[in-house]
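> Residue 902 in numbering that gives the first Met the number 0 sits at position 903 of the sequence shown, and the numbers go up by one each step.
Even for Gly, the Cβ is constructed at its ideal location relative to N, Cα and C.
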Amino acid sequence: MKIRLAWGVVASGLCAWAARPPGPARLPDEADARPGEAVALGPEEASGEDVAHAVAELGRLVGAGGVVAAGAGVDLGAGFRSARLDGARGDQRDAVLAALRAVGLREAGRLGDRAGFLVALFGPAVTRRVGAAAGRAVEDGRWAALHLAVAASDVLGPEQLERVLALEAPEGVDIVPGGLPSVLGEHLRQVFEPVPRPRRLDLILDLWERVLEHHAGVARRKRRLGTQGRRDRVADLRERRRHYEDEWILNLLRTSLGIVRDPSLAEAARWKPDERYWSDRLQVIVQDALGATALLRTATAVADHGLQDGLDRSAALIGAAAAQVNDMTAAQSARRVPGLTGIPARPAAHVRDIHRRLSGGAPRDARFAAHLRPRLTSARDYALVIIEDVERLLDEMRGVRDEMLREWGATGLRDWREAVGYERPPGEWAGIPPWSGPLLGDTAPLHERLTATEEPAAVEKVGDLLWYADLLDALARLHGHDRAQGVPGFGAPWLDHDPEPVVEPLAPRLDSITLAVSGAAQLAALGGVPPRGARTWSALTGGLMSGTAIAEALTGGFAVPAPLLAWDGKAVPGAGVRVKVARGARDLAEWADYMGNCIAGPAYLDDARKGRTGLLGFYGKHGLLVVNAELAPLRPASRGWRISEIAARFNDDPDEELERRIRDWVAAIPGTLEEEPTPPPDELPPARPARRRAAPRLVEDAGPALGTLARRAWEETAPGVLGVFAAVAATPPDAALVRLRRLGAAQLASAVRRALATERADLIELWAATGNRPLETALDGLDPSLRDRFDQLPLLLGEPPLPKTLRRLIKVPAIADAYNLDLAGRRTRRAIGRLAVQDDPVIARALARRATEPLLCALIVTVNCDASGIEPVPVTAPRRVRVPGYPATTLKDGDGPWQRALPAARELGADTAAFWDGIAGHGLRVPASWLASGGWTALWARAHGHRR
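1) Select from 5, 163, 614, 198 the residue whose C-alpha is nearest the C-alpha of residue 121.
2) Short of 8 angstroms in beta carbon distance, which residues of its chain neighbour residue 211, apart from the five on each side in sequence? Order them along the chain.
3) State yes or no: is the C-beta of residue 530 within less than 8 angstroms of the C-beta of residue 538?
4) According to the Cβ coordinates, are residue 110 and residue 149 closer than 8 angstroms?
5) Strictly by DSSP, which residues pair up with residue 22?
6) How about residue 249 and residue 375: do their beta carbons lie closer than 8 angstroms?
7) Entirely within the segment 239-293 and at least 4 residues each: give me those alpha helix (DSSP H) ranges in chain order.
8) Going by C-alpha distance, which of 515, 942, 184, 824 is nearest residue 907?
9) Per DSSP, what kind of secondary structure is residue 342 in: helix, strand or coil?
10) Going by DSSP in three states, residue 441 sits in which element: helix, strand or coil?
11) Which one or two residues does DSSP pair with residue 924 in a beta bridge?
12) Between residue 721 and residue 772, what straight-line distance do the alpha-carbon atoms span, to the nearest angstrom?
13) What are the partner residues of residue 631, as DSSP defines its beta bridges?
14) Is residue 41 helix, strand or coil when you go by DSSP?
15) Based on the DSSP output, what are the partners of residue 484 in its beta bridges?
16) Over the uninterrupted alpha helix (DSSP H) stretch that includes residue 844, give me the two end residues.
17) Which of helix, strand or coil does DSSP assign to residue 10?
18) Apart from the five residues just before and just after residue 456, which ones in its own chain have a Cβ nearer than 6 angstroms to its Cβ?
19) Please report the distance separating the alpha-carbon of residue 11 from that of residue 32.
20) Between residue 351 and the rest of its own chain, which residues show a CB-CB distance below 8 angstroms, the 5 nearest in sequence each way excluded?
21) If we count Cβ pairs, one from each stretch, closer than 8 angstroms, do we get three or more for the segment 267-279 versus the segment 348-363?
22) Is residue 789 helix, strand or coil when you go by DSSP?
23) Is the beta carbon of residue 569 less than 8 angstroms from the beta carbon of residue 912?
24) Just the C-alpha distance for residue 765 and residue 851, rounded to the nearest angstrom, thanks.
25) Within 10 angstroms of its Cβ, does residue 691 collect 16 or more other Cβ (buried), or is it exposed?
26) Would you say residue 187 and residue 137 are within 8 angstroms of each other, going by their C-beta atoms?
27) Determine which residues share a DSSP beta bridge with residue 854 and list them.
28) At what residues does the alpha helix (DSSP H) containing residue 818 begin and finish?
29) What number of angstroms, rounded off, separates the C-alpha of residue 675 from the C-alpha of residue 661?
30) What does the Cβ neighbour count give for residue 621, buried or exposed, with the cut at 16 atoms within 10 Å?
31) Name the two residues that bound the continuous beta strand (DSSP E) containing residue 2.
32) For the putative contact between residue 459 and residue 339, defined by C-beta atoms under 8 angstroms, what is the C-beta separation to the nearest angstrom?
33) Let's see if you can read the secondary structure: which residues bound the alpha helix (DSSP H) around residue 209?
34) Distance, Cα to Cα, residue 940 vs residue 884?
35) Please confirm whether residue 290 and residue 301 have their CB atoms less than 8 angstroms apart.
36) Suppose contacts are defined by Cβ-Cβ distances below 8 angstroms. Is residue 948 in contact with residue 536 by that definition?
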């Protein structure tokens, strides 16, 4: 009997057994064989006991090293060895490495002769020195170095492999986290084939260092943010500071009126704050900013250097901040207020407490640490609230009290600077012109005023606002950045403390060696040419990306067949994944960047552009891409579709059950109808001269009509819509839409949060504003014949990038305004949905004031589709569709509010395919924070204008 095994091996005279639920099954007599399945090979006459033991050992091997480890021929006892059936991915080195990780160095003899498995790992040119280096790597547990060396054995010589096998990574950091060595090896060959052999090792070593730096940055950010409280206390602290300010104003009012009692409403209305009130507020905001800066820098130092060393490094800084406020003021800000957070209203209370402990000579023991660490956990909350207060105060005073602002701006910070110095070089600081301009008057910016002989501390003024930049820089360092970055466009806080990295399409990621090399291989496959003289990994990838072939590969859309396009955004029944159909090369670039494969290669691009195949991504419940698939039509095309290729991340095998459900779903997708050829006439007419058919001209033919409809819809836009977007963007209305287009998803969510928190925008008004879609209205009113003729027009209602013809179309002024408003509306709704599923307090506070039925239902559907990280409260029992409250509703009512909310929930980012599964499992749920003001009945009543 012959058994076909993986990688072209044929076993004769043996039998194969596989694990099945009832017990070991002999193949193919007792069970169907699966491609690539792990089996135990042994003599046909083996006893049932020996077979059971071998299959059990096989299960333990697969459990420890994955099914790939079975291909290494591991000794299972009683004459049995592991194997894989034909159809497995990868090659022999993948199996040997996986098995070696599973059994360890002490049992490496189970893989056979040492020389044999070393040849399988590194090829026939392997030397004893390479084998010894590999043994040391296994003994030390340096699997990343071994994985990389095995993959690089085709492009490096033996001496170079020794250098790779000697590489080390910090404990707990796996920089080659997934994928088969054979896949990584293929990618290395694609990248390094044009590179001179002596340069290859330097590039690999440099890549190793760059990936380690990336992981160190991620760990640094996590460590620094770990010094802060897990709960966001910004809203609580904001309320605490407001109460403190209210009490301060009441004291001033009593003093001004010469009374002890609380003033009446009329007395308070007639009171006018004097100059001292405004002067004190300006002084307080600087003191608070310096105190928060000291707490942030101390928290960062403690995270980086430990408590003892971190406090020693920060002692002078804490002392300088403590000197800004006296003990009485600090004690007043820390006075407990029933019903409010226990965090002091001002950071001075924590700063002075830390300073007192540091200067008191107390032993630096566990008790000392337990007292000081909680004083640092609110540094981030202080900074965020104080940044808001600076913005509000300067906006209140500009144009009203400019003379007082200039007097305040002319004061210095010499004592502070002499104690703490500068983090941001003053010679590079030009201020924040919209604020520092009015503060400094005719005075030049700081970098122009500095001279070679004067100390910066003697020249710097409060009006330069460098202290404000220091606060944002300290907050940025807490988030793992070097400094805060300028914000594109206009609007406070002018500097972004947690900017999202700018990632170019197809730029190789440094999350791991695997992703970095696969990204570079992607560029090479698209026509990028590595520079021969590159000595660093960044120089190599920069050269790969600089070619015109890369830019050309990222342009143009795909001819997606209609049966596949109809499933875009929908869920695969019973699989728990959502479908995304690739519409252009940029979709593939994003997938390849995350998946670590070459799905954006030229072969895939060419077939997709011509409509020969459909490329699909399948996203799990957490919004992460889990599987890619290429679908090709059967022949004839009317029969349907087949999966020509399917793979998980790093080209691994997908989950068996998930793959089965996807294949079943694909088998049910209808095919495309092919037009039957017209039979030739009995007599052919005389031939006519060939005449070229004019190509459709989208801009020229559809532009005027669409522009007229778009202008009309724009003019009918509800008044005040641009004002609402301007409040979010913190810009004038005419610049708001452009500003919002430039923000990333996280930045836009932060902008929405800030607008709602500061009450510059109202959630209901924002919801209504985001529902204005003039371009969508214009497309609905367009002549159906034009819509049918230009089938790319619906892409205007999706996310950029757009095909070239549509990019020309949206440059038409009337269409451009409508397009920007539609895009801002969709993206802002996604930002609202992001805040909702994160259970952000701004959503709970907004709903506590007022709500509307469409808004509330859409938000509730959204959080029911993704309730991770939320403390939910059931409103209905599992499988119950009747929702309590007045008016009563049912989830199944086709004309009811819950069904109408599903499209809006999808705009908020919900995978509504998961909604009914959630209802069946645990009923309709609402975040507990939304029910704080009277429970579900009160919340539902507010949405319908009823009072409790």
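Taking the coordinates as given:
1) Of the listed residues, the one whose Cα sits closest to residue 121 is 163.
2) 168, 169, 172, 174
3) Result yes, Cβ atoms of residue 530 and residue 538 sit closer than 8 angstroms.
4) no
5) 19
6) no
7) 264-269
8) 824
9) Correct three-state label for residue 342: coil.
10) Three-state DSSP puts residue 441 in coil, outside helix and strand.
11) 873
12) 12 angstroms
13) 641
14) Judged by DSSP in its simplified three-state form, residue 41 adopts strand.
15) 495
16) 840-848
17) Note: residue 10 maps to strand in three-state DSSP.
18) Cβ neighbours of residue 456 beyond the five flanking positions: 413, 416, 417.
19) 17 angstroms
20) 321, 324, 326, 329
21) no
22) coil
23) Yes, the Cβ-Cβ distance between residue 569 and residue 912 is below 8 angstroms.
24) 12 angstroms
25) With a pLDDT of 43 at residue 691, under the threshold of 50, the predicted position of this residue should be treated as unreliable, though the coordinate-derived value follows. Residue 691 is exposed by the Cβ-count criterion.
26) No, Cβ-Cβ distance for residue 187 and residue 137 is not below 8 angstroms.
27) Looking at the DSSP assignment, residue 854 forms no beta bridge with any residue, so it has no partner.
28) 812-836 is the extent of the alpha helix (DSSP H) around residue 818.
29) Its pLDDT being 41, under 50, residue 675 is placed unreliably by the model, and nothing is read from it.
30) exposed
31) 1-3
32) With a Cβ gap of about 36 angstroms, residue 459 and residue 339 do not count as contacting.
33) 196-224
34) 8 angstroms
35) no
36) With the chain represented from 0 up to 947, any question about residue 948 goes unanswered, as that position is not in the structure.
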